[in-house]
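The structure appears below as structure tokens.
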Amino acid sequence: MLLTLITYLVLGALAGTAAGLFGIGGGLLIVPVLVFTFQAQGMPPEVLTHAAVATSLATIVITSISSMRAHQKKQAVRWDIFWPLTGGILLGAVLGVNTAVQLPGSWLQIALGCFALTVAVQMALNLKPDAGETAVSKPGLSVAGAVIGWVSSIFGIGGGTLTVPYLSWRRVVMQHAVATSAACGLPIAIAAAITNIWVGWHAPQMPEWSAGYIYLPAFMGIVLTSSLFAGFGAKLAHSLPPLLLKRIFAGFLVVVGLRFLITNI
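Each residue of the sequence shown is one higher than the last, beginning at 9 in our numbering.
Now the structure itself:
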């Protein structure tokens with residue numbers, strides 16, 4: 009049990025560092041590592057992937073608060089964009105959790121593998137969308153928010169990998185796009201975490217110390233260290249080549265993505 013707790017603490021530190029380094033949140037790191045950790049613990053395969061996704065989303069509730077406050081101190085959050093996005097996000101997040109729980113664990117891992125490989129290509133090649141032809145609109149934000157919330161709650165992420173490119177495409181200044189994306193991680197995580205508790209409350213194969221699909225020991229271990237190390241990651245980002253860092257993390261995602269695909273296809 010002690011070794012497992014240490015694993016969660018280390019994972020939280022790595023996730024926080026990754027969030028500070030890459031600005032994409034820790035979900036892309038937390039979910040695959042939790043899948044492998046839960047497998048080693050002997051958690052039933054029918055629920056372990058869902059538990060990894062749900063637990064990741066629960067940790068984002070905590071980490072996104074500090075991130076949002078930091079951006080708000082710089083007055084970089086576009087609240088006029090945040091609120092229309094959030095309307096769609098809340099609906100999309102609830103639908104996303106209900107989509108995920110309908111998928112067998114192996115199918116969900118295949119989807120995670122494909123998503124990881126897609127993000128890896130984007131990061132390795134440093135692909136960024138060109139600005140669109142029209143400025144951001146409230147109806148468009150609500151629809152985009154629903155898609156972002158749906159995808160994010162399926163894969164256990166805070167939405168930054170989707171929200172930042174979308175807002176950049178919609179001609180939002182990058183500083184404001186990143187800050188607003190960080191703020192959007194909170195409603196995504198809250199809606200998805202609550203839904204995961206609700207739909208998984210009577211899941212018979214979840215181990216003790218679970219709240220629905222959220223495994224509380226992992227949640228506590230990760231949140232204890234992730235926020236502390238986010239600042240360290242941000243400082244480290246200023247002293248290392250950003251493109252090299254992205255390609256290193258892209259390599260990790262390739263390994264994870266291929267592992268999920270090879271073991272489930």
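Ideal placement from N, C-alpha and C gives every residue a C-beta, glycine not left out.
Bear in mind that the values here come from a model prediction, so they are computed numbers and not experimental data.
{"Asked": "Does S114 come out as helix, strand or coil in the three-state DSSP assignment?", "Found": "helix"}
{"Asked": "My output table needs one value for S218: the three-state DSSP class, helix, strand or coil.", "Found": "strand"}
{"Asked": "Determine, using beta carbons only, whether A258 and T188 come nearer to each other than 9 Å.", "Found": "no"}
{"Asked": "Just to confirm my understanding: we take S234, look at its own chain, exclude 5 residues before and 5 after, and list those with CB closer than 8 Å. What are they?", "Found": "G20, A21, A23, G24, A27, G34, T67, I70 and T71"}
{"Asked": "Are the stretch 84–97 and the stretch 47–66 in contact at 8 Å, needing three or more beta carbon pairs?", "Found": "no"}
{"Asked": "Check each candidate in F44, H58 and E54 and name the one with the smallest Cα separation from A219.", "Found": "H58"}
{"Asked": "Figure out for me which residue from V43, H79 and P40 has the closest Cα to the Cα of H184.", "Found": "H79"}
{"Asked": "Between the stretch 118–125 and the stretch 152–172, do three or more beta carbon pairs fall short of 8 Å?", "Found": "yes"}
{"Asked": "Quick one: any contact between the stretch 127–139 and the stretch 252–272, if contact means 3 or more CB pairs under 8 Å?", "Found": "yes"}
{"Asked": "Excluding the 5 residues flanking W209 on each side, which residues of the same chain have their C-beta closer than 7 Å to its C-beta?", "Found": "G220"}
{"Asked": "Who does Y1 pair with in a DSSP beta bridge?", "Found": "Any question about residue 1 goes unanswered here, given that the chain covers just 9 to 273."}
{"Asked": "Going by C-alpha to C-alpha distance, which of A48, A108 and A62 sits closest to I202?", "Found": "A62"}
{"Asked": "Answer with buried or exposed for R179, where buried requires no fewer than 16 other C-beta atoms within 10 angstroms of its C-beta.", "Found": "exposed"}
{"Asked": "What span of residues does the alpha helix (DSSP H) with V148 cover, start to end?", "Found": "The sequence given here has Gly at residue 148, not Val. Per DSSP, G148 belongs to the alpha helix (DSSP H) from K146 to F163."}
{"Asked": "Are the beta-carbon atoms belonging to V105 and A200 less than 9 Å from one another?", "Found": "yes"}
{"Asked": "What span of residues does the alpha helix (DSSP H) with R77 cover, start to end?", "Found": "P53 to K81"}
{"Asked": "With distances taken Cα to Cα, identify the nearest neighbour of A152 among G229, I89, L253 and T15.", "Found": "I89"}
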